[in-house]
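Here is the structure we will look at, set down as structure tokens.
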Amino acid sequence: MRSNLNQAFEDEQYLDTEFGMEDAFLAEKIVVPSMERPLTVLRVSLHHPTQGPAAFTNVPLQLQHDTSPLLVGRGRDAHIQLRLPNLSRRHLSLEPYREKGSALLVFCLKALSRRGCVWVNGLTLRFLEQVPLSTVNRVTFAGIQMVVHVEGGTSLEAFVCCFHLSPSPLIYRPQAEETDEWESIPQEQPPPGSGERALGHLGFLHGPSQIQDDPPQPSPGGGTEIQFQREPPDSLLC
Numbered sequence: 186m187r188s189n190l191n192q193a194f195e196d197e198q199y200l201d202t203e204f205g206m207e208d209a210f211l212a213e214k215i216v217v218p219s220m221e222r223p224l225t226v227l228r229v230s231l232h233h234p235t236q237g238p239a240a241f242t243n244v245p246l247q248l249q250h251d252t253s254p255l256l257v258g259r260g261r262d263a264h265i266q267l268r269l270p271n272l273s274r275r276h277l278s279l280e281p282y283r284e285k286g287s288a289l290l291v292f293c294l295k296a297l298s299r300r301g302c303v304w305v306n307g308l309t310l311r312f313l314e315q316v317p318l319s320t321v322n323r324v325t326f327a328g329i330q331m332v333v334h335v336e337g338g339t340s341l342e343a344f345v346c347c348f349h350l351s352p353s354p355l356i357y358r359p360q361a362e363e364t365d366e367w368e369s370i371p372q373e374q375p376p377p378g379s380g381e382r383a384l385g386h387l388g389f390l391h392g393p394s395q396i397q398d399d400p401p402q403p404s405p406g407g408g409t410e411i412q413f414q415r416e417p418p419d420s421l422l423c
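For the sequence shown, position 104 matches number 289 in our numbering, and the numbering has no gaps at all.
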């Protein structure tokens, strides 16, 4: 019995001298989070060429959200509120779902504005059109440049968005405006005959998803399907 008490006393002294009492307490606490499923993280970088940080004053550094669509716009019901007059109240949404046979959350981006369009990874989206997100995604809308980096986790109950405001441009491409016009940005012409080779192998874009009222599931594809297209020239952009 005495030897056990001595050992306990020596262990306590070891914690005091090597770690300190606060470090010992933290070492005990971190066991619990390690047993939880890690959350999927969306690392979102934002930039506006003229408005600067003023457009993002209501954007938090970090936001945890459940598996319902994450709304982006200027309305009060938007989870990410951006202070731009030419932005729709609900401009777009980031929608998590789970693909069949997968244990991870994946995401699609849906355009919700009736007036403007959203440019995602070379594809122009109009009202209720959506596209699945890859690991790194380039998005422009209403003058905003946004880069979304998806870091997968195993939790199916929530995900986390971490936001960063970039002082320099993120995307050197045209930007979709709320007036359905694109800023005139010079860009190199593609080599002759390269336009058609990019078509026909990237699959399809499905219509409106149904995940607002149901558990996270992939879009059934019941809407009108349109093909992925190579980024059009300036004269054809919305």
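Backbone N, C-alpha and C define an ideal beta-carbon position, used for all residues, glycine too.
In this text, all values refer to a predicted model and were calculated from it rather than measured experimentally.
8 Å Cβ cutoff met for residue i and residue j
i, j, result
"P234", "G338", "no"
"S298", "H334", "no"
"A278", "V257", "The sequence given here has Ser at residue 278, not Ala. Yes, Cβ-Cβ distance for S278 and V257 is below 8 Å."
"R311", "A288", "no"
"C347", "R228", "yes"
"R283", "L350", "no"
"V345", "Q249", "yes"
"V226", "E336", "yes"
Beta-ladder partner(s) of residue i, from DSSP
i, result
"A343", "D251"
"R323", "V332"
"V257", "I265 and L277"
"F348", "V229"
6 Å Cβ shell around residue i - same chain, five flanking residues per side excluded
i, result
"V321", "H334"
"D251", "A343"
"V324", "V305 and M331"
Where the beta strand (DSSP E) containing residue i begins and where it ends
i, result
"S230", "T225 to H232"
Beta-carbon contacts of residue i that lie in its chain and below 7 Å, excluding the five residues immediately before and after
i, result
"T242", "R268"
"P238", "L350"
The ligand MN heavy atom lying under 7 Å from the CB of residue i
i, result
"V332", "Among the components of this structure there are no ligands whatsoever, and the ligand MN is therefore not found."
Neighbourhood of residue i by C-beta, 8 Å cutoff - its chain only, sequence neighbours within 5 removed
i, result
"Q266", "N243, V244, G258, R259 and G260"
Practice item. Go through the stretch 266-316 residue by residue and report every complete run of the beta strand (DSSP E) that reaches 3 residues or more, in order. Key: Whole beta strand (DSSP E) segments, 3+ residues: 277-283, 290-296, 303-305 and 308-310.
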